[in-house]
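Residue numbers (the working numbering): 8 to 182. We treat Cβ as the ideally placed atom computed from N, Cα and C, and that holds for glycine. Below is one structure, written out as structure tokens; the observations come after it.
Now the structure itself:
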């Protein structure tokens, strides 16, 4: 908790839903709460995601699941010049969507990587037949790259380089 930002996240993932060890399906549930007091306005977000994933080999995973999110913008400052798109988002809005994603892991250690790469692509469709207040398609890409240099002994601790890249776009559709 803080005076400008409050956030909370709880997540549970079961990596082998049916206990097959080789032909794996995963289940994931996540709930997030985020509050932020900007100089120009206040933002309050609540998000819940459910996900069913299909794990191919150890490195590839496809997932799909519903997303529910509420966003509230309030307390707009009279002293700030704000974009029309932000002013139009005043109040509480509900987003109901369906998310589809793909992940690729090639890391030496998933908890504390020092060598390898991670890639994630996802797209979420909000609104339309799923309901909610807005009709939006949101797509995101994420790439993390790690490279160790120096002693290549797996048990040694040494320096490494990290490069991360993320981008996303959201576009309205329908009305």
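Residue environment, residue i, which counts as buried when at least 16 other CB atoms sit within 10 Å
i           : result
residue 153 : buried
residue 27  : exposed
residue 133 : buried
residue 171 : exposed
residue 70  : buried
residue 62  : buried
residue 104 : buried
residue 157 : exposed
residue 187 : Lying outside 8 to 182, the shown extent of the chain, residue 187 is not represented and no answer is given.
residue 138 : exposed
residue 10  : exposed
residue 72  : buried
Nearest residue (CA-CA) to residue i, options the options
i           : options               : result
residue 50  : 40, 148 and 57        : 40
residue 79  : 179, 58, 97 and 92    : 97
residue 175 : 143, 165, 139 and 156 : 143
residue 106 : 77, 93 and 60         : 60
residue 37  : 13, 75 and 165        : 75
residue 55  : 137, 172, 93 and 16   : 16
residue 179 : 67, 92, 23 and 111    : 92
residue 148 : 165, 42, 140 and 128  : 128
As assigned by DSSP and simplified to three states, the class of residue i
i           : result
residue 14  : strand
residue 146 : strand
residue 181 : coil
residue 57  : strand
residue 165 : coil
residue 92  : helix
residue 118 : coil
Opening and closing residue of the beta strand (DSSP E) in which residue i lies
i           : result
residue 24  : Run containing residue 24: none; DSSP gives neither H nor E here.
residue 130 : 123-133
residue 47  : First-last for residue 47: undefined, no H or E at that position.
residue 81  : 67-81
Extent of the continuous alpha helix (DSSP H) run through residue i
i           : result
residue 114 : Run containing residue 114: none in the alpha helix (DSSP H); it sits in the beta strand (DSSP E), 98-114.
Can we say the stretch 82-93 touches the stretch 109-125, given the rule of at least three CB pairs closer than 8 Å?
No, because fewer than three Cβ pairs between the stretch 82-93 and the stretch 109-125 fall closer than 8 Å, the two stretches do not touch.
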